[in-house]
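*Asks:*
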Amino acid sequence: MDQDDSAIGANPIVWAPSLAPPAPRDMCTDCGLSRTAEAKRCGRACQFIKPDYPAMEARVHGRPRDPARPDEIFFGPFRRMARASLRQPAPGAQWTGITTRIAERLLETGAVEAVLTMAPDPADSWKPMPVIITAAEGMSRARGMRMGYAPLLALLEPVRDRGYKRIAVIGIPCQVYALRAIEHDLGLDRLYVIGTPCSDNTTTENFHTFLALLADDPKTITYLEFRADYYVELRFTDGSKKEIPFLKLPISKLPSDFFPLTCRTCVDYTNVLADITVGYMGGEGEQWLLIRNERGEELLELLGEDVRLSEPGSAGKRKSAVAGFLANTERAAGGLPLRSMPDWLRPIVGWLMPRIGPRGLEFARSRLEMKACETVVHLRRAMPRRVRHMVPAHVWALVEPYGLKPTPDELPRSGTDI
Ligand SMILES: Cc1cc2nc3c(=O)[nH]c(=O)nc-3n(C[C@H](O)[C@H](O)[C@H](O)COP(=O)(O)OP(=O)(O)OC[C@H]3O[C@@H](n4cnc5c(N)ncnc54)[C@H](O)[C@@H]3O)c2cc1C
Ligand code: SF4
Ligand code: SF4
48 MDQDDSAIGA NPIVWAPSLA PPAPRDMCTD CGLSRTAEAK RCGRACQFIK
98 PDYPAMEARV HGRPRDPARP DEIFFGPFRR MARASLRQPA PGAQWTGITT
148 RIAERLLETG AVEAVLTMAP DPADSWKPMP VIITAAEGMS RARGMRMGYA
198 PLLALLEPVR DRGYKRIAVI GIPCQVYALR AIEHDLGLDR LYVIGTPCSD
248 NTTTENFHTF LALLADDPKT ITYLEFRADY YVELRFTDGS KKEIPFLKLP
298 ISKLPSDFFP LTCRTCVDYT NVLADITVGY MGGEGEQWLL IRNERGEELL
348 ELLGEDVRLS EPGSAGKRKS AVAGFLANTE RAAGGLPLRS MPDWLRPIVG
398 WLMPRIGPRG LEFARSRLEM KACETVVHLR RAMPRRVRHM VPAHVWALVE
448 PYGLKPTPDE LPRSGTDI
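Pasting the structure below:
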C-alpha cells in the first residue's frame with residue numbers, strides 16, 4: 048500500500064494519513080469525528096446521541112418518507128430500487144464490485160478529486176483502514192468487506208488541507224449520519240455519498256473469535272458473507288469455498304457481548320442518507336440498489352452498460368420469522384439470541400428456509416423488522432433513557448405489528464416522521 052503519513056506534497060494515489068486518537072465517548076463507533084479539531088460536533092452529529100432522521104432525510108433527499116409508498120417505512124426515501132450486477136464482476140469485490148466501480152468512474156471522469164473509504168490494514172486484512180484515493184486505479188485496493196469500524200471522517204481534515212473540494216465518501220450508516228450532519232460546514236463544492244447497508248458489525252478483534260469457530264485454520268479465510276439465501280459463504284486462500292446454513296452457525300459459542308451495544312441498537316440499516324445504497328438483501332443473489340435522489344441517479348448512470356439491472360422480486364411471508372426472532376431476543380436477556388430449536392430439526396429448517404422463507408424484498412423487510420425489534424429490546428434494557436432520543440417513529444411503526452409500542456416516555460422527540 049502506498050502510504051504517506053507526513054509528506055502532504057507527495058501524491059500517492061492511496062493515502063492513509065496518520066490520525067489523532069479518538070476522544071473517549073460511550074456508545075461510539077469511532078466514525079472519526081471525535082478525532083477532528085472540532086470533536087464537540089459529536090453532540091449534534093452522532094446517530095447515538097440525538098439524531099433527527101425525519102429532518103435529515105428531508106434535507107438530503109428533498110422530501111420525507113412517503114407513507115403512500117410502504118417500502119419507504121422500511122428502507123427510507125428512494126426514487127427506485129433495482130437488482131443489479133456488474134457484467135464483469137471485479138476481482139476481490141464483496142459482491143460484483145458496484146460500490147468501488149462507481150467510485151472509480153467518479154475519479155476517471157474527474158467528477159471528484161478524492162474518494163474517502165476503507166482499505167484492508169496491511170497488518171490485518173480484516174481490519175478497515177481509512178484511506179484517501181485520488182486515482183481510479185487505486186480503487187481496487189478498497190474492494191471487499193472488512194469487519195469492524197474505523198475513523199473514516201477523520202480523513203476530512205487532511206482532505207481539506209490538500210484543498211480537495213469535490214469528493215466522494217463510501218461509508219456505513221453511522222459514518223454517513225455524522226457526515227451529513229456536518230456536510231454544510233465542510234466548504235465542499237461537491238459531495239457524493241455511496242452507502243452500504245450495515246448490521247451486526249463488531250470489533251475486528253471480536254470478529255477473529257468468530258472466524259476461529261468456523262475453520263481449523265482461520266487465517267486462510269479470505270471472504271465471508273451472510274447471503275440472502277440463509278447461508279454464510281466462506282472463501283479460503285486456496286480458492287476453495289464453504290457454505291454454512293445460518294442455523295448451523297456456532298452463535299451459542301460466542302460471548303454475550305460479541306456485538307457492541309451500538310451495533311445492536313443502531314436504527315439505520317439501509318444507509319438512508321446516502322445518495323445511493325449498494326447492498327444485497329433485496330437482491331435474491333444479486334446486488335440491490337436503492338437510488339435515493341438525483342445524485343444517486345447520476346452515480347448509477349456512470350456505470351452505463353457495465354451494469355445489468357432488473358426489477359427486484361419478493362416472495363414468502365416474514366411475520367412468523369420476525370416474531371420468532373423477537374421472542375428469542377427477549378429470552379436472551381441482553382445477550383445473543385438463544386435458539387430453542389432442537390439440533391435434529393436444524394438441517395431440515397435450514398433446507399426449507401431458502402425455499403419457503405421470505406425472499407427478495409420480503410427478506411429485506413424481515414431483516415429491517417428484526418433489526419428494529421433488536422434496537423428496542425436492547426436499548427430498553429441497557430439504556431432506557433436513550434430510547435426517546437434514538438428510536439425514530441418509523442422504527443416504532445416497524446415493531447408495532449409484533450406488540451412493541453412506545454410508552455409515553457419513549458415517544459420520539461420530534462415525532463414527525465411518517
Ligand atoms: C460490517 C458490514 C455489514 C454489512 N451487512 C450488510 C447486510 O446485512 N445487508 C446488506 O445488504 N449489505 C451489507 N453490507 C454491505 C455488503 O457487504 C457489500 O459491501 C455491499 O453490498 C457492496 O458490495 P460491492 O461488491 O459493491 O462492494 P465492493 O466494490 O467490494 O466495495 C466494498 C466497499 O465497502 C467498503 N468497506 C468494506 N468494509 C468496510 C467497513 N468495515 N466499514 C466501512 N466501509 C467498508 C470498502 O472500503 C469498499 O469501498 C455490510 C457491509 C459491512 C461493512
Ligand atoms: S459522532 Fe462519531 S466519533 Fe462522535 S460519538 Fe458518534 S460515533 Fe463516536
Ligand atoms: S451496525 Fe450500525 S452502529 Fe454498528 S457499525 Fe454498522 S452502522 Fe455502525
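Using the working numbering, the letters of the sequence shown correspond one by one to residues 48 to 465. Glycine is no exception: its CB is placed at the ideal position from the N, C-alpha and C atoms.
(1) If the criterion is Cβ atoms closer than 8 angstroms, does the pair M74 and R227 meet it?
(2) Under 8 angstroms, do L301 and T256 count as touching if we go by C-beta distance?
(3) Can you give me the start and stop residues for the beta strand (DSSP E) that M128 sits inside?
(4) Cβ of D77 versus every heavy atom of ligand 2: is any distance shorter than 7 angstroms?
(5) Excluding sequence positions up to five away, which residues of its chain have a Cβ less than 6 angstroms from the Cβ of A129?
(6) Measuring from the CB of C29, is there a heavy atom of ligand 3 at a distance below 7 angstroms?
(7) Could you check which residue in K212, R82, T164 and T181 has the C-alpha nearest to that of V193?
(8) Just tell me which of E280, T147 and P59 has its CA closest to the CA of I323.
(9) What is the residue span of the beta strand (DSSP E) that K161 lies within?
(10) Pick out whichever of P453, K452, A444 and G450 has its Cα sitting closest to the Cα of R112.
(11) If you draw a straight line from the alpha carbon of M328 to that of R110, how long is it in whole angstroms?
(12) In the DSSP assignment, what residue or residues form a beta bridge with A215?
(13) Check for me: the beta strand (DSSP E) holding D171 runs from which residue to which?
(14) Have a look at G351, L426, C89 and G450 and flag the residue whose alpha-carbon is nearest the alpha-carbon of R134.
(15) Is I217 near ligand 3, with its Cβ less than 7 angstroms from a heavy atom?
(16) With which residues is L356 paired in a DSSP beta bridge?
(17) Output the distance between the C-alpha atoms of P69 and S361, rounded to the nearest integer angstrom.
(18) Given this structure, state the Cα-to-Cα distance separating G332 from R274, to the nearest angstrom.
(19) Please report how far the alpha carbon of A10 lies from the alpha carbon of Y239, in whole angstroms.
(20) Could you give the DSSP three-state label for T269: helix, strand or coil?
(21) Taking the straight line between their C-alpha atoms, what separation do you get for T143 and T243?
(22) Looking at the structure shown, is P307 part of a helix, part of a strand, or coil, going by DSSP?
(23) Among R88, P175, P124 and R152, whose alpha-carbon lies nearest the alpha-carbon of D315?
(24) Based on the DSSP output, what are the partners of P292 in its beta bridges?
(25) Going by the beta-carbon positions, is the gap between A182 and I96 smaller than 8 angstroms?
(26) Nearest CA to the CA of R460: which residue from L451, R432 and K87?
(27) How about P244: is its C-beta nearer than 8 angstroms to some C-beta of chain B?
*Replies:* Here's the rundown:
(1) no
(2) yes
(3) R127 to L133
(4) yes
(5) L336 and L356
(6) In the structure as shown, the chain begins at 48 and stops at 465. Residue 29 is therefore absent and cannot be evaluated.
(7) The sequence shown places Arg at residue 193, rather than the Val named in the question. Nearest of K212, R82, T164 and T181 to R193, Cα basis: T164.
(8) T147
(9) Note that residue 161 is Ala in the sequence shown here, rather than Lys. First-last of the beta strand (DSSP E) with A161: A161 to D168.
(10) A444
(11) 25 angstroms
(12) V162 and Y239
(13) D171 to I180
(14) G351
(15) no
(16) A131
(17) 43 angstroms
(18) 7 angstroms
(19) It is not possible to answer for residue 10, since the shown part of the chain is limited to 48 through 465.
(20) strand
(21) 13 angstroms
(22) coil
(23) P124
(24) Y278
(25) no
(26) R432
(27) Reference to chain B is not applicable here, since this structure consists of a single protein chain.
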